Amino acid sequence: MGRHIRWQAILTFTGIAMTMAFLSFLAFSRTSVIVPDVGGTYIEGIAGMPQFINPLLAQYNQVDQDLTALIFNGLVRFNSQGEMEPDLAKSWTVSDDGLVYVFKLRSDIRWQDNRPFTAADVVFTVGLMQDPDFPGVPYLGNLWRTVTVEQLDDYTIRFRLVEPFPAFADYTTIGILPQHLLKNMSAGELLNHPFNLKPVGTGPFKLDEINTEFARLSVNPLYSGPKPRLTQLELRFYPSYQETIAAYQAGDVLGVSVIPPQAMPTVEAIESLNLYTARLSGYEIIYLNLQDPANAPFFQEVEIRQALMHALDRQAIIDQALHGQGLLANGPIRSWSWAYNPEQPLIPFDPGKAASLLDEAGWRDSDGDGLRDKEGRPLAFNLLTSDDPDRVKVAETVSRQWRQAGIGASVEVVGAGLGDRLANHQFQAALAEVLLTGEPDPYPFWHQTQIQSGQNYAGWSSDEASMLLEQARTVTDKGRRNDFYYQFQRIFAEEMPSLILFHPVYTYGVSRDVHDVQLLPMNNPSDRFRTITQWYLLTRRVIENEAPYQGLEPPK
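Each residue of the sequence shown is one higher than the one before, counting from 4 in our numbering.
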């Protein structure tokens, strides 16, 4: 009996061992992996409040731009290199003379209320901007009023320009509005229309609810592009960036829309917050008023302008005032643009060169007060800036560096009205930001005709530079345009009409619980949502050889 029991035990143990071995083999051959799953709500804190969730009215408000980027589409969009790619349009052609653009539209697009998108929507949207009563930013109306729009069929649009304008395609990135919901409205009624708080677009998300505290969005089931993995998105509004960071620390949000440089020491200590950075398509500049020789006669001397630049340690400004959140700029064309001349020398920090230029121009410290002077006039002026804390720090750092060279710059902070002061040339020197789009055309900022009614705030009047900018607009071939832009960059560096400092860097904070967030080079902070269809919160475990190819690393 005992022997029988022993054999039974042995057989039982052997069976268990064999079963475990089989299961181990099975597990080895069918390893499970974690893959992204659909679902979850991403909540982001934003400093500011929405006003007009309408792409034609969003240019003055970053919150509006963020929402319209999620809800609307343009005919084309910028890719990470600042180049155009199709969006609502599937293709387009440009005539040899650069005057005619023909866009072929996609026929598979539907509005979020399930009505079809057609060329009539494009004609309607452009018509609003062409209307004399259009209440949006003036530059949109001014441009579109010079363009003739023709609907060739339901999915073909033709634009005719009065003169070549290579930057025209930039304007076709603006979001298109639905004619069927707004056709009985005039342009003058656009500001007060209920549509601005109940928008209907063609983008990946649709607006479900909005108030003074938040905007809630959900996935647009009719979206024609890749469907987002997130099912809902909520943007919460706060009075300041400090409160958005506090909301993250309290666990109320998963992301912070922007991390200003002064907040970097705080957020870098938050272990659960991933920081993403990307360069912004623009530059910080110190305008020198060349239109006011009575109040700032020294700016008429090119040697003084060159000395001002050589006296600045721009990398130290970035490091000290902005916690490293900036990239040195080299002139008015971005270094990653096809129009940039890679052989253009970077103007260095050279205090010896600055002193030599000032000495040769007759500006010396004759009375020992630490400031250079000439014919009884000190080399001193006001440096105007906005009340943005980071910009104030930059201005103060610039002022200290110039003081080391014997140059006096008193920082003048204005809470509002900086734009008006610039447009009216009511300043001596002014620190400001220039925003750029995909097209590298410097014409709006530096051509002579833009001094009185454009953005040539410095008032630089160079016949040769203006002629080059005009010629660059008459051709569409990039190689020929490069010839003109290379020469323009050389002249700008020699004459130094203003001081271009650095390209700003955008920093975005998102919880580690949100996966596959990516920031590509950006034209606008709203471009942080360019890859949002790939983001995910939830995961699931599947057998490896049964898992669909995700093209992603599993979450760490």
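From the three backbone atoms N, C-alpha and C, an ideal C-beta is built for every residue, glycine too. Bear in mind that the values here come from a model prediction, so they are computed numbers and not experimental data.
Which residues bound the beta strand (DSSP E) around H450? H450 -> no beta strand (DSSP E), and no H or E assigned at all.
So, for R219: in the same chain, excluding its five sequence neighbours on each side, which residues have a beta-carbon less than 6 Å away from its beta-carbon? D211, E212 and E237
Going by DSSP in three states, Y226 sits in which element: helix, strand or coil? coil
Which class does K481 belong to by DSSP, given the choice of helix, strand or coil? helix
Among all the DSSP beta bridges, which residues are the ones paired with W95? F106
N-terminal and C-terminal residue of the alpha helix (DSSP H) that K396 is part of: P392 to Q407
Taking the alpha helix (DSSP H) that E2 belongs to, which residues open and close that run? This structure leaves residue 2 out entirely; the chain is present only between 4 and 559.
What residue ranges within the stretch 287-361 form continuous beta strand (DSSP E) runs of no fewer than 3 residues, ordered along the chain? 329-331
Enclosing beta strand (DSSP E) for Y45 [first to last residue]: T44 to A50
Near N117, which residues of its chain fall below 8 Å by C-beta distance, leaving aside the five closest residues on each side in sequence? L225
DSSP puts A281 in a beta bridge; with which residues? Y509
Q235 (DSSP reduced to helix, strand or coil): strand
Relative to the C-alpha of F81, which candidate in A398, S284, E415 and A314 has its C-alpha closest? S284
Does the stretch 49-68 come into contact with the stretch 195-206, if we say contact requires no fewer than three beta-carbon pairs (one atom in each stretch) closer than 8 Å? yes
Can you list, in chain order, the residues of its chain with a C-beta nearer than 8 Å to that of L360? Leave out the 5 residues immediately preceding and following it. E306, I307, Q309, A310 and H313
Taking all protein chains shown into account, do 16 or more other C-beta atoms lie within 10 angstroms of the C-beta of Q492, making it buried, or fewer, making it exposed? buried
Could you please give the first and the last residue of the uninterrupted beta strand (DSSP E) stretch that includes F81? V79 to F81
Leaving aside the five residues before and after H326 along the sequence, list all residues of the same chain whose C-beta is less than 6 Å from its C-beta, in chain order. P264 and M267
Compute the Euclidean distance between the alpha carbons of W341 and L374, then round it to the nearest angstrom. 42 Å
Taking just the CA atoms, how far does Y45 sit from Q252? 16 Å
Considering just the uninterrupted stretch of the beta strand (DSSP E) at A249, what are its terminal residues? Element bounds for A249: not the beta strand (DSSP E) but the alpha helix (DSSP H), Y244 to Q252.
Simplified DSSP assignment, three categories, for A154: Ala is not the amino acid found at residue 154; the sequence shown has Gln there. Of the three classes helix, strand and coil, the one that applies to Q154 here is strand, per DSSP.
Can you check which of these residues, Q84, I535 and R424, is closest to D295 by C-alpha distance? R424
If I'm right that L108 touches I160 with Cβ under 8 Å, what's the distance once you round it to whole angstroms? 7 Å
For I37, name the three-state secondary structure that DSSP assigns. strand
Contact belief for I454 with I288 at Cβ below 8 Å, rounded distance in angstroms: The Cβ separation is near 16 Å, so there is no contact.
For P345, which option in D322, D486, S275 and L257 has the closest C-alpha, if you only look at C-alpha atoms? D486
Does the stretch 363-383 come close enough to the stretch 400-420 to have 3 or more Cβ pairs within less than 8 Å? yes
Among the residues of its own chain, which have a CB less than 8 Å from the CB of L155, if the five just before and after it don't count? V105, A122 and R161
Beta-carbon separation of A299 and Q458 under 9 Å? no
If P443 and Y509 are in contact, beta carbons under 8 Å, what's the gap, nearest whole angstrom? Between Y509 and P443 the Cβ distance is about 20 Å, and since that is not below 8 Å, they are no contact.
Taking the beta carbon of F31 as the centre, do at least 16 other beta carbons fall within 10 Å, making it buried, or is it exposed? In this prediction, F31 has a pLDDT of 46, which is less than 50 and means its spatial position is unreliable; what the coordinates show is noted afterwards. F31 is exposed by the Cβ-count criterion.
Beta carbon of E86 nearer than 9 Å to that of R476: no
May I ask you to list the residues that DSSP assigns as paired with G411? A383
To the nearest angstrom, report how far apart M52 and V261 are at their CA atoms. 14 Å
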